[in-house]
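Just so we're aligned, residue 0 is where the sequence shown starts under numbering that gives the first Met the number 0, counting upward by one. Don't be surprised by glycine CBs; every beta carbon is placed ideally from N, CA and C. The structure displayed is predicted, hence computed values, not measured ones. Encoded as structure tokens, the structure appears first; notes follow it.
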Amino acid sequence: MSTLDSARAAARAWLACPTSGGPNPVWRTCFSTDGTDCPTGIAPVCPDEDHDPDDGSVYTCCADPVIEVGSAALADYLVALLNADRSAS
Ligand SMILES: [Zn+2]
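Shown next as structure tokens:
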């Protein structure tokens, strides 16, 4: 197993525990609780049909976890990476 495969498996095992968006959710950037004006967090796409997909806020309807990564650029990258990697074994 490659380093990437090992890291992916470990991260998925961790994400499967606290994630309420399903075992392999689609991710989005979000405005977390760090107080900045940029979406510096990542979270699963909210499963609530009343939550506008273009609304990057986090409400009680939203799936866990909300992960603050400290950078909008890093949040964009992690979401792209996680979503591109969803179908990888
Ligand atoms: Zn929501």
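Suppose you measure from the CA of residue i to the CA of residue j; what does that come to, to the nearest Å?
| i | j | result |
| --- | --- | --- |
| Leu3 | Pro38 | 27 Å |
| Ala72 | Thr35 | 13 Å |
| Ser1 | Val65 | 28 Å |
| Leu80 | Thr32 | 22 Å |
| Ala8 | Leu14 | 10 Å |
| Tyr58 | Val44 | 12 Å |
| Ala10 | Arg27 | 17 Å |
Got a sec: does ligand 3 put a non-hydrogen atom nearer than 8 Å to the Cβ of residue i?
| i | result |
| --- | --- |
| Ala9 | Ligand 3 is not part of the structure shown, which contains ligand 1 as its ligands. |
Pick helix, strand or coil for residue i, following the three-state DSSP scheme.
| i | result |
| --- | --- |
| Thr2 | helix |
| Arg11 | helix |
| Ala71 | helix |
| Ala79 | helix |
Whose C-beta lies closer than 7 Å to the C-beta of residue i among residues of the same chain, with five residues either side of it excluded?
| i | result |
| --- | --- |
| Leu77 | Ile41, Val68 |
Spatial neighbours of residue i within its chain, please: C-beta separation below 6 Å, excluding the five flanking residues on both sides.
| i | result |
| --- | --- |
| Pro22 | Ala15 |
Whose C-beta lies closer than 8 Å to the C-beta of residue i among residues of the same chain, with five residues either side of it excluded?
| i | result |
| --- | --- |
| Asn82 | Val25, Trp26 |
| Gly93 | Examination of residue 93 is not possible in this model, given that the chain is present from 0 through 88 alone. |
Heavy atoms of ligand 1 versus C-beta positions, residues under 6 Å: My final list is Cys45, Asp47, His50, Tyr58, Cys60, Cys61.
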